[in-house]
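Numbering (our numbering), first residue to last: 779 to 1169.
Idealized CB from N, CA, C, for every residue including glycine.
Quick caveat: nothing in here was measured; it's all calculated off a predicted structure.
One structure is given here, and the rest of the page talks about it.
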């Protein structure tokens, strides 16, 4: 195991409230960062939540402790106290056994747990901010309440958090605007993608006419627009397959939309799948689509790009603002809700193999150059070292 960027190794506690298992960019981001920190020679202890025991057959180069919670859904506003209590108990047990040098909390709810541990054990706390969807403007009393609660907790936890990691300046600007405060004690470190793990590999025959989406099935992902675009695509390319990988509250509604359009033969809803199966889906697809209405850091977009796939996403998304998707170079950009334009661009890529391959090659080159996991490791380790307690 290599030395931690020329400095003494750290013992790092990582806290996340993302449920395992789930096809979720946050889950994969946390896993990637834990691996990066571990491979740099540090002892990493991850505490997060899971829905049931006995399903994790993967190996990790870091220690995992999971708070087991019953239920099929993720974390709702009313269940936060129970979730945080269970996760705090697991994290406190780690702190009882190990002298933790720094705690990395993924999100504001984990930061609450981390600050409780800081009060008890004097552990510096760094918060990684990758998703501010709960602070986005919504319509509806329940979501407005959630936004108000999120704004309040961000302001309160900022009084104790020692430093912040943002994957993009755009997300930091959005959070500062939402909570009306500045995060001067912050750094911009992109969430990298393992370009050795996510890369094209040989397959039998040519890829079929597959259009892929990976992630949560949620309203803000704009998936209804993709379903609405499907009939126009199928009328020109009858064998097109729209593949959705992931779970979420919109699952039943999307199935109803597909059935109403008589498109069942053209859709696959795979739910949660293994990492190996996910790689197969990326590898076999021709076009990757995320018609998002509001997004956090675009983990799945970068993964698809690493597999040399052209991406269609929306203007003013993080992918657009950060220059990840450059129109007609690494993919295409559309207006939010423009299902007609979405269908036109899907057809362009399905029917022009040369263009799809060119955009895909450009996409992979950009990820390798600017967003590889290997490139961000030193920056993250160096930043955490600045806060870590001395042994």
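With H, G and I counted as helix, E and B as strand and the rest as coil, what does DSSP make of residue i?
{"i": "residue 1009", "result": "helix"}
{"i": "residue 937", "result": "coil"}
{"i": "residue 826", "result": "strand"}
{"i": "residue 878", "result": "coil"}
{"i": "residue 791", "result": "strand"}
{"i": "residue 998", "result": "helix"}
{"i": "residue 905", "result": "strand"}
{"i": "residue 821", "result": "strand"}
{"i": "residue 969", "result": "coil"}
{"i": "residue 1046", "result": "strand"}
{"i": "residue 786", "result": "coil"}
{"i": "residue 898", "result": "helix"}
{"i": "residue 1019", "result": "strand"}
{"i": "residue 1071", "result": "coil"}
{"i": "residue 842", "result": "strand"}
{"i": "residue 1156", "result": "helix"}
{"i": "residue 1112", "result": "strand"}
{"i": "residue 958", "result": "coil"}
{"i": "residue 1134", "result": "helix"}
{"i": "residue 916", "result": "Caution applies to residue 916, whose pLDDT of 47 falls short of 50 and renders its modelled position unreliable; the model cannot decide the point."}
{"i": "residue 1150", "result": "strand"}
{"i": "residue 964", "result": "strand"}
{"i": "residue 1103", "result": "coil"}
{"i": "residue 890", "result": "helix"}
At a Cβ threshold of 8 Å, is residue i touching chain C?
{"i": "residue 1045", "result": "No chain C is present in this structure, which holds just one protein chain."}
For residue i, tell me which candidate among the options has the shortest Cα-Cα distance.
{"i": "residue 841", "options": "866, 863 and 812", "result": "812"}
{"i": "residue 1005", "options": "1147, 1045 and 810", "result": "1045"}
{"i": "residue 909", "options": "843, 888, 1122 and 895", "result": "888"}
{"i": "residue 1002", "options": "987, 1028, 993 and 1010", "result": "1028"}
{"i": "residue 1109", "options": "1075, 1065 and 905", "result": "1065"}
{"i": "residue 891", "options": "904, 905, 907 and 862", "result": "862"}
{"i": "residue 1041", "options": "1013, 999 and 931", "result": "1013"}
{"i": "residue 810", "options": "1164, 1163, 1167 and 1158", "result": "1158"}
{"i": "residue 1167", "options": "843, 899 and 844", "result": "899"}
{"i": "residue 732", "options": "1052, 927 and 1149", "result": "The requested residue 732 does not occur in the structure, where the chain is confined to residues 779 to 1169."}
{"i": "residue 938", "options": "1052, 904 and 990", "result": "904"}
{"i": "residue 973", "options": "993, 946 and 1078", "result": "1078"}
{"i": "residue 989", "options": "944, 1062, 1052 and 824", "result": "1062"}
{"i": "residue 1053", "options": "1047, 1096 and 976", "result": "976"}
{"i": "residue 791", "options": "820, 1011 and 804", "result": "820"}
{"i": "residue 1095", "options": "1000, 981 and 787", "result": "1000"}
{"i": "residue 953", "options": "970, 971 and 933", "result": "933"}
{"i": "residue 1060", "options": "981, 1034 and 1011", "result": "981"}
{"i": "residue 945", "options": "929, 1073, 1092 and 868", "result": "1073"}
{"i": "residue 943", "options": "1147, 1032 and 966", "result": "966"}
{"i": "residue 971", "options": "878, 787, 786 and 1154", "result": "1154"}
Buried or exposed: residue i, going by 16 or more other Cβ atoms within 10 Å of its Cβ?
{"i": "residue 979", "result": "exposed"}
{"i": "residue 1129", "result": "exposed"}
{"i": "residue 1178", "result": "In the structure displayed, the chain extends from 779 to 1169; residue 1178 sits before or after that span and is not available."}
{"i": "residue 1081", "result": "buried"}
{"i": "residue 1234", "result": "With the chain represented from 779 up to 1169, any question about residue 1234 goes unanswered, as that position is not in the structure."}
{"i": "residue 1170", "result": "Residue 1170 cannot be examined here, being either before or after the span of the chain that is shown, 779 to 1169."}
{"i": "residue 968", "result": "buried"}
{"i": "residue 1131", "result": "exposed"}
{"i": "residue 859", "result": "exposed"}
{"i": "residue 832", "result": "Residue confidence for residue 832 is low, a pLDDT of 44 falling below 50, so the modelled location carries little weight and cannot support an answer."}
{"i": "residue 941", "result": "buried"}
{"i": "residue 962", "result": "exposed"}
{"i": "residue 1016", "result": "exposed"}
{"i": "residue 930", "result": "exposed"}
{"i": "residue 1106", "result": "exposed"}
Below 8 Å on the Cβ atoms is my contact criterion, and I expect residue i with residue j to pass it. Report the Cβ-Cβ distance as a whole number of Å.
{"i": "residue 1102", "j": "residue 1123", "result": "The Cβ separation is near 17 Å, so there is no contact."}
{"i": "residue 997", "j": "residue 876", "result": "So it is not a contact: roughly 41 Å between Cβ atoms."}
{"i": "residue 1151", "j": "residue 814", "result": "6 Å"}
{"i": "residue 1009", "j": "residue 1039", "result": "5 Å"}
{"i": "residue 844", "j": "residue 826", "result": "6 Å"}
{"i": "residue 949", "j": "residue 823", "result": "The Cβ separation is near 26 Å, so there is no contact."}
The region 1016 to 1031 contacting the region 1084 to 1095, beta-carbon criterion three pairs below 8 Å: no
Within 8 Å, do at least three Cβ pairs link the region 1106 to 1124 to the region 1065 to 1075? Yes, the region 1065 to 1075 touches the region 1106 to 1124.
Examine the Cβ distances between the region 1132 to 1140 and the region 874 to 885 and report whether three or more of them are shorter than 8 Å. no
Whether or not the region 892 to 899 and the region 866 to 877 are in contact is what I'm after, with contact meaning three or more pairs of Cβ atoms, one per stretch, closer than 8 Å; do they touch? With three or more CB-CB distances shorter than 8 Å, the region 866 to 877 counts as touching the region 892 to 899.
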